[in-house]
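Numbering (this note's numbering), first residue to last: 943 to 1337.
Where is the CB? At the ideal position from N, CA and C, for every residue including glycine.
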């Protein structure tokens, strides 16, 4: 589809969805953003829904400024997918056994490793700059420096909520490994610290929503945020790489002869320095992926409705972006009130996964229809592969 443009603010809002179908509180959040003096433009993805300060599914380009809430509290949250040489028809009949082995290798929920994962022991893992990365921890905001040990044992862990590790098959029957996670507790702590710092700055006192507080260029607060932000984004990328290596090692042990292609990886809560309309901007993607021309991305539905591997079309009107998934259509609490365990079992039939009340809030019906989301962004991405879940592990 082509976008709908909403005017009236300082900057245009380009929407890859029908504004009339977007909740009023979400539209108010978008208008609040578009009226900020630093904003160059806003692009809204078809999976848009309410978030803290800035909507989930929004791409905001700012001139020499950035709002931590427009990144999200899980800095660097994103996806990684790896295509294998294995055929779905050759998988063991008992996928529950394979799921249990993956769960033993990759801690979920509040779980963590007993000791930090040694990347040198992971198959083919590149470790050249690993020590330099951890040395960067000593330069983070003072309030998080006591969390290094926790950050070390959480490296290579999934977390909870909508984070997942999956074994999938594409429409040709080839097996893929897909995972979704971010920067764990350390990213959350850094995000909340800097949101609090921004709220106290004088230039943010008159904003319609204090959660949209920004840092501006040339200030020590902006420098400190960028330092911590980019470190956390790197943590998230490495976290997914470690988990993928752990998962692939499990598959090597249990699926003889399996090999793996190069991973596809993308953030969907992050900041990037880019240029549009001849202007250098800081682009925040909160629940959106970069979809530059020819760039690969991953767009999941829910835990039983498939995932799309895509290639970006480089649509500058959307700031070279696309949606990060189907997006929720109801809150977790509403999902728990609305659906039963039997509903959950019916909607995840055929998928090897948890079937208990602890994951009802992740029921497929709590999410928007992924096919409609994909149809709404046909001018943003082209589909490379469609995957269906065989095993889904959630926190």
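Classified as buried, residue 1261 has 16 or more neighbouring CB atoms from the shown chains inside 10 Å of its CB. Closest option to residue 1065, judged by alpha-carbon separation, among 1176, 1000 and 1189: 1189.
Put simply, the backbone Cα of residue 1106 is about 11 Å away from that of residue 1022. For residue 1100, no beta strand (DSSP E) segment is defined, and its DSSP state is neither H nor E.
Ranking 1094, 1025, 1138 and 1069 by CA distance to the CA of residue 1085 puts 1138 first. Note that the C-beta distance between residue 1308 and residue 1271 is below 8 Å. Residue pairing of residue 955 in beta bridges, as defined by DSSP: 948 and 984. By the Cβ neighbour-count rule, residue 1136 is buried, with 16 or more other Cβ atoms within 10 Å of its own. The Cβ-Cβ distance between residue 1233 and residue 1258 does not fall below 8 Å.
When 1228, 981, 944 and 968 are compared, the shortest CA-CA separation from residue 952 is found for 981. Leaving aside the five residues that flank residue 1018 on each side, the residues in its chain whose CB is nearer than 7 Å to its CB run, in chain order, 1124, 1125, 1129, 1174, 1175, 1177, 1178, 1179, 1209, 1211 and 1212. The continuous beta strand (DSSP E) containing residue 1238 extends over residues 1238-1242. For residue 1147, no beta strand (DSSP E) segment is defined, and its DSSP state is neither H nor E. DSSP, reduced to helix, strand and coil, places residue 1179 within a helical segment of the structure shown. Between the alpha carbons of residue 1108 and residue 1329 lies a gap of roughly 10 Å.
For residue 1043, the enclosing alpha helix (DSSP H) covers residues 1037-1047.
DSSP, reduced to helix, strand and coil, places residue 1106 within a strand of the structure shown. In the DSSP assignment, residue 1202 is bridged to 1026. Within the DSSP bridge table, the entry for residue 1336 names 1106 as partners. Per DSSP, reduced to three states, the secondary structure at residue 1280 is helical. When only Cα atoms are considered, residue 1031 and residue 1088 end up about 48 Å apart.
Closest option to residue 1237, judged by alpha-carbon separation, among 1269, 1324, 1310 and 1002: 1324. Taking all protein chains shown into account, residue 1131 has 16 or more neighbouring C-beta atoms within 10 Å of its C-beta and is therefore buried. A direct Cα-to-Cα measurement between residue 1282 and residue 1294 gives close to 18 Å. Leaving aside the five residues that flank residue 1243 on each side, the residues in its chain whose CB is nearer than 6 Å to its CB run, in chain order, 1268 and 1312. Proximity to residue 1063 across 1289, 1216 and 1187 peaks at 1187, based on C-alpha coordinates. With contacts defined by Cβ atoms closer than 8 Å, residue 971 and residue 997 form a contacting pair. Distance from residue 985 to residue 956 at the Cβ level is roughly 5 Å; contact confirmed, criterion being Cβ atoms closer than 8 Å. Straight through space, the alpha carbons of residue 1182 and residue 1331 are spaced by roughly 19 Å. Leaving aside the five residues that flank residue 1053 on each side, the residues in its chain whose CB is nearer than 7 Å to its CB run, in chain order, 1099.
Under a 10 Å Cβ-count criterion, residue 1319 is classified as buried, with 16 or more other Cβ atoms of the shown protein chains found around its own Cβ. Between the alpha carbons of residue 1068 and residue 1230 lies a gap of roughly 28 Å.
Looking only at 1003, 1284 and 995, the smallest Cα-Cα distance to residue 1220 is reached by 1003. As DSSP reads the structure, residue 1021 sits in a beta bridge with 1122 and 1208. Scanning 1310, 1199 and 1322 for the CA closest to the CA of residue 1252 turns up 1322. Under the three-state reduction of DSSP, residue 1085 is assigned to helix.
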